[in-house]
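Residue numbers (this note's numbering), protein chains in the order written: chain A, -12 to 610; chain B, 88 to 468.
Virtual Cβ for every residue (Gly too), placed ideally from N, Cα, C.
Some notes on the structure that comes next.
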Amino acid sequence: MKRDTRRTGVFTRRALLMMGGQVALLGGLAARLYQVQVVEGARYATLAEENRVSARMIAPPRGRILDRFGTVVGGNKLNWRALLIAEQTTDVAATLDNFARIVPLGDAERARIDREVRRHRRFIPVLVREFLNWDDMAAIEVNAPDLPGILVDVGTTRVYPFGEQLAHVVGYVAPPTEADVADDPALALPGIRVGRAGLEKQYDLDLRGRAGAVQLEVNAVGRVIRELDRQDGVPGEEIGLALDTDLQQAVLGHLGDQSASAVVLDCRNGEVLAMATNPSFDPSLFNSGVSQAQWADWAQDKRTPLVNRATAGLYAPGSTFKMAVAMAALESNIITPGDTVNCPGYFDLGNARFHCWRKGGHGTLDLRGGLKNSCDVFFYETARRTGIDRIAAMAHRFGLGTELEIDLPGVRNGLIPTREWRIGEGHAWNLGDTVVAGIGQGYIQVSPLQLATYAARVATGRKVEPHLTRKLAGEMQPGSQPEDWPALDLSQRFLHIVREGMWAVVNEPGGTAPQARLTDPRWQMAGKTGSSQVRRVSREQREQGNFDSSKLPWEDRPHALFVAFAPYDAPRYALSVVVEHGNAGAAMAGPIARDIMTDTLRRDPGGRDVLPGAQVADRETSR
Amino acid sequence: MREGRLWRETSFDLGTKLWQINWLYVILLCNLAAVGYVALYSAAGGAAEPYATRHVLRFATGLVLMIGIAMIDIRFLARLAWPSYFVALGLLVVVARYGHIGKGAQRWIEFGGLQIQPSELMKIALVLALASWFHRASWERIGNPLFLLPPLLAVLVPVGLIVKEPNLGTAVITAALGASLFFAAGVRWWKFVLVLLPIPFAARIVYSHLHDYQRARIDTFLNPATDPLGAGYNIIQSKIALGSGGMWGQGYLQGTQGHLDFLPEKQTDFIFTMIGEEFGFVGGVALMALLCLIILGGMAIGLRCRHQFGRLVAFGIATNFFLYVFVNVAMVMGVIPVGGVPLPLVSHGGSAMITVMIGFGLLMSVHVHRDAEFSEARAGV
Chain A
-12 MKRDTRRTGV
-2 FTRRALLMMG
8 GQVALLGGLA
18 ARLYQVQVVE
28 GARYATLAEE
38 NRVSARMIAP
48 PRGRILDRFG
58 TVVGGNKLNW
68 RALLIAEQTT
78 DVAATLDNFA
88 RIVPLGDAER
98 ARIDREVRRH
108 RRFIPVLVRE
118 FLNWDDMAAI
128 EVNAPDLPGI
138 LVDVGTTRVY
148 PFGEQLAHVV
158 GYVAPPTEAD
168 VADDPALALP
178 GIRVGRAGLE
188 KQYDLDLRGR
198 AGAVQLEVNA
208 VGRVIRELDR
218 QDGVPGEEIG
228 LALDTDLQQA
238 VLGHLGDQSA
248 SAVVLDCRNG
258 EVLAMATNPS
268 FDPSLFNSGV
278 SQAQWADWAQ
288 DKRTPLVNRA
298 TAGLYAPGST
308 FKMAVAMAAL
318 ESNIITPGDT
328 VNCPGYFDLG
338 NARFHCWRKG
348 GHGTLDLRGG
358 LKNSCDVFFY
368 ETARRTGIDR
378 IAAMAHRFGL
388 GTELEIDLPG
398 VRNGLIPTRE
408 WRIGEGHAWN
418 LGDTVVAGIG
428 QGYIQVSPLQ
438 LATYAARVAT
448 GRKVEPHLTR
458 KLAGEMQPGS
468 QPEDWPALDL
478 SQRFLHIVRE
488 GMWAVVNEPG
498 GTAPQARLTD
508 PRWQMAGKTG
518 SSQVRRVSRE
528 QREQGNFDSS
538 KLPWEDRPHA
548 LFVAFAPYDA
558 PRYALSVVVE
568 HGNAGAAMAG
578 PIARDIMTDT
588 LRRDPGGRDV
598 LPGAQVADRE
608 TSR
Chain B
88 MREGRLWRET
98 SFDLGTKLWQ
108 INWLYVILLC
118 NLAAVGYVAL
128 YSAAGGAAEP
138 YATRHVLRFA
148 TGLVLMIGIA
158 MIDIRFLARL
168 AWPSYFVALG
178 LLVVVARYGH
188 IGKGAQRWIE
198 FGGLQIQPSE
208 LMKIALVLAL
218 ASWFHRASWE
228 RIGNPLFLLP
238 PLLAVLVPVG
248 LIVKEPNLGT
258 AVITAALGAS
268 LFFAAGVRWW
278 KFVLVLLPIP
288 FAARIVYSHL
298 HDYQRARIDT
308 FLNPATDPLG
318 AGYNIIQSKI
328 ALGSGGMWGQ
338 GYLQGTQGHL
348 DFLPEKQTDF
358 IFTMIGEEFG
368 FVGGVALMAL
378 LCLIILGGMA
388 IGLRCRHQFG
398 RLVAFGIATN
408 FFLYVFVNVA
418 MVMGVIPVGG
428 VPLPLVSHGG
438 SAMITVMIGF
448 GLLMSVHVHR
458 DAEFSEARAG
468 V
């Protein structure tokens, strides 16, 4: 048998060549393997570590806000909520449809869920509905087979046990905006809230705490295999207020249905013991998002329930301003306590005639008498002689129309006009403006908080700043002692004369506010009434003689104001009351001030400190 | 001695033939299948189900099939070469028209409950057909371009059908397999150059007609970072897994990437990565050495064969196996584009296992009948 040896030889050669080539190629792969596994191994191992470990954040409980005696005014309660994990369902829309049959979902809610599902990776839980009640939860659990991807879990949510009563002080929280989340990724956690108003906003960063992190081993689709490491977050700091919730409730009771506000301070250290404003709103509405209808309601309400009148309501102080004018005149030696002014019932300045509130005039008065009778002519004349710039400087020292160190956002500073300010506005300053400023009218705008601070500073001669917070994270904050506040550097003698005038207003026969006299014989209160004109009283009205502002439409009536401190002999508490369109300071605001001061003195919150273990049991809320 | 045996081998009884089987080679295959069992056990998260047990059952079936084919006379197999080629071609046409849609490609055909991939069968049939063709070709005829035209068509027609499926990876492998058989048969070097020269130009035209997902594979191969969560994901995850294996590996059942499902298709195409992660570079190279032994062993069977048909069949089967291994391993390392090619006898999957074992059956038949008297083309015929 003859074989084709040449063919065989070629095959053998080429087969060997092929084998060599194949071994070389596999050798090349082995070299590549060496490079990938050994040379670059460390780098890829790091990548592998990142691949399987996913750090997730745990929402920290928001810090609680407590009142002076440990009562919770802003706390947390358990919040059962339904979450959707998109990767666990084949059809998100069908799951949500089924869910909506059990717990109805609004169109806007549905749109929000769809948006969040699209925006997040499929294993990240998206909030479907919060604040589930037991019935809803039971229904969801029973229908679980029809609800793939729906998960019910429990988080915490903010709760305000005092609701409307402290809404403006404590403020409220709301879901973070996209801009918030961009700044702090911890805010992307389901159920987290951001302080939007009041103390919740002021101390938001303290209250938020630090998000914890949990290191999870995850697979490629992000499902959690196990927990590798956990760092519990730092819970938000607890805030202890100077405020006394019982007093707050009492003050609100005295304000009644009026559009009004009142501030009670410990006048020795500026602690805010009560800050009431009426009307108010339900702060929990913001927690889950405010409806369009609710916004429209608030926007149309003439009584502006969202405005904190105590800090952002601005009023002309009226006659309550007269102590500042008096002090400005005394301190600059323009007048002495014994100087007198004759009041014929009007004051002429050039062609203009300014009227005293008392038609017939007061006759000859010294400073004490001017205050006691609240004689307008006395202060027209005093202001004219003192000049607006000295008056403004003194008003600022007393905290009027200037910035206070109150720990609340959205505070308005008001205005004490000066020559410079008026020129800046493009006008000349007229002496008539000074005369009007002498009785707290014209351009002057102050807030009730400033009025209370003013009363406290007059009472103590110290530059106390109003503040709500006493304790932060268990630490007593500076400012709780009178010595923490500097003296105002005013003559004690002059201050004493002014205080005496305020005492006479309330306690002396013929004073303008006998209604404000305390009925409890243990204490005496010094105070000053004020009426703040909303619109100019025309000459015709005045000349008709029987002008009665109480016959005006409600929104044209003057505001009623009252500032006071007590006890007169050892001042401890200062207050301001502003009743919008309350007509007359003495008749409307005086009795309210009397009642508030009586309650304050009886409760004496500033004189009582928290007893050890006297924390009020916190049944409704939990951390 | 050997000349004497030549005449007796036609009367080989079954017992003698069984004795003639290269059992050492069978043991190598069993070792490879055992590696597959170990890896699949790990891929299932440390469980025999659902991959490992079935893998062993399939291998056992394949082993029986292989030994059965090894018993068939090589000359009878040679007569079956072209009929099997046309059957395979027919199946390719059928799959092109009626095949299942799997992963965007028509590749599979249902056959009595068994899914088969005609392109895999075609590679075996092509080896047989080309071996049969060149078996009868004298050295002179191999030099004649007209004689080379039919086998060239026999390669290009199925390759074209496979491209249309579309299964680019298998098409390239099939073409390479055909080319290597032409090469082994003794076709002149310059003729390869002549055919290969226009390929870069053809490639550009082909690229413009490719499906998007195929283009994506090539594009992401060229730069996997462009789409780390999409098409480039597999390659990047595979490299991360291999890299985290390091020199000695993370230990059996300890591979984090594979077990945490970062590694895609870890029980099929990316089984080598899984092994590399758990047994490290050392384990990977050991597996490659075993694969290399099987390839070289197949080639050695061809070299020892006394007839051209057997030589070419053995060469073709060994080369086919090599191509599987090379493409798969190169793929998981990101050396060539991801191509849906399993690691034979290790990856999970029935169709590939059966066709590979049929191939080894043919190889074993070559070994058993290496000295068979086989009429060949003679010079001048």
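{"Query": "Compare the C-beta of residue 160(A) against all C-beta atoms of chain B and say whether one is closer than 8 Å.", "Result": "no"}
{"Query": "In chain A, which residues lie with their C-beta within 7 Å of the C-beta of residue 379(B)?", "Result": "10 and 13"}
{"Query": "Just to confirm, are residue 361(B) and residue 126(B) a CB contact at a threshold of 8 Å?", "Result": "yes"}
{"Query": "Name the DSSP bridge partner or partners of residue 330(A)?", "Result": "350(A)"}
{"Query": "Chain A beta carbons: is any one of them nearer than 8 Å to that of residue 314(B)?", "Result": "With a pLDDT of 47 at residue 314(B), under the threshold of 50, the modelled position of this residue cannot be trusted; read the value that follows with caution. Taking Cβ atoms only, chain A never reaches closer than 8 Å to residue 314(B), which makes this a no."}
{"Query": "Please check if any C-beta of chain B sits within less than 8 Å of the C-beta of residue 27(A).", "Result": "yes"}
{"Query": "DSSP beta-bridge partners for residue 449(A)?", "Result": "474(A)"}
{"Query": "Please look up how many angstroms separate the CB atoms of residue 358(A) and residue 289(A), rounded, as I've assumed it's under 8 Å.", "Result": "35 Å between Cβ atoms; not a contact."}
{"Query": "Taking 8 Å as the limit between beta carbons, can you name the residues of its chain near residue 218(A), skipping five residues before and five after?", "Result": "199, 200 and 201"}
{"Query": "If residue 461(B) sits next to residue 396(B), beta carbons under 8 Å apart, how far is it from one beta carbon to the other, in whole angstroms?", "Result": "6 Å"}
{"Query": "Would you check if the stretch 281 to 292 of chain B and the stretch 379 to 387 of chain B touch, i.e. whether three or more CB-CB distances between them fall below 8 Å?", "Result": "no"}
{"Query": "What residue from 50(A), 230(A) and 414(A) has the CA that sits closest to residue 197(A)'s CA?", "Result": "50(A)"}
{"Query": "I'd like the list of long-range same chain contacts for residue 128(A), defined as Cβ closer than 8 Å, with 5 residues on each side in sequence excluded.", "Result": "139"}
{"Query": "If we define contact as Cβ-Cβ less than 8 Å, is residue 318(B) a contact residue for chain A?", "Result": "Here the model assigns residue 318(B) a pLDDT of 46, short of 50, so the residue's position is not dependable, and the following value carries that caveat. Not closer than 8 Å to any Cβ of chain A, the Cβ of residue 318(B) fails to qualify, so no."}
{"Query": "Along chain B, which residues have their Cβ under 7 Å away from the Cβ of residue 30(A)?", "Result": "330"}
{"Query": "Can you name the start and end residues of the alpha helix (DSSP H) that residue 586(A) belongs to?", "Result": "577 to 590"}
{"Query": "Would you kindly work out how many angstroms separate the C-alpha atoms of residue 399(B) and residue 452(B), rounded to a whole number?", "Result": "13 Å"}
{"Query": "Name, please, each residue of chain A whose Cβ falls closer than 7 Å to the Cβ of residue 267(B).", "Result": "5"}
{"Query": "Rounding to the nearest angstrom, what Cα-Cα distance links residue 618(A) and residue 438(A) in this structure?", "Result": "With chain A covering -12 to 610 only, the question about residue 618(A) has no answer from this structure."}
{"Query": "Using the beta-carbon of each residue, which ones in chain B are nearer than 8 Å to residue 24(A)?", "Result": "329, 330, 332, 333, 334, 363, 367, 368 and 371"}
{"Query": "Below 6 Å CB to CB, which residues in the same chain sit around residue 358(B) once its five sequence neighbours on both sides are set aside?", "Result": "126, 430, 433 and 434"}
{"Query": "Nearest-angstrom Cα distance between residue 28(A) and residue 374(B)?", "Result": "19 Å"}
{"Query": "Quick one: grab the DSSP three-state call for residue 52(A).", "Result": "strand"}
{"Query": "To the nearest angstrom, how far is it from the Cα of residue 565(A) to the Cα of residue 576(A)?", "Result": "7 Å"}
{"Query": "Using the three-state DSSP reduction, which class does residue 355(B) fall into: helix, strand or coil?", "Result": "coil"}
{"Query": "Exposed or buried, residue 443(B), counting other C-beta atoms within 10 Å across all chains shown (16 or more means buried)?", "Result": "buried"}
{"Query": "Return no unless some Cβ of chain A is closer than 8 Å to the Cβ of residue 271(B).", "Result": "yes"}
{"Query": "So residue 14(A) and residue 72(A) are supposed to be a Cβ contact under 8 Å. How far apart are they, rounded?", "Result": "About 48 Å separates the two Cβ atoms, so there is no contact after all."}
{"Query": "Mind checking whether residue 363(B) and residue 24(A) have CB atoms under 8 Å apart?", "Result": "yes"}
{"Query": "Only counting the same chain, and skipping five residues up and downstream in sequence, which positions put a Cβ closer than 6 Å to that of residue 228(B)?", "Result": "234"}
{"Query": "What residue range does the beta strand (DSSP E) around residue 618(A) cover?", "Result": "A question about residue 618(A) goes unanswered here, because the residues of chain A that appear run from -12 up to 610."}
{"Query": "By Cβ distance, which residues of its chain are closer than 7 Å to residue 207(B), with the 5 residues on each side in sequence left out?", "Result": "438, 439 and 442"}
{"Query": "Counting only beta-carbon separations shorter than 8 Å, does residue 457(B) have a partner in chain A?", "Result": "no"}
{"Query": "Compare the C-beta of residue -7(A) against all C-beta atoms of chain B and say whether one is closer than 8 Å.", "Result": "yes"}
{"Query": "Using the C-alpha atoms, what's the distance from residue 83(A) back to residue 365(B)?", "Result": "43 Å"}
{"Query": "Using a C-beta cutoff of 8 Å, does residue 450(B) count as contacting chain A?", "Result": "no"}
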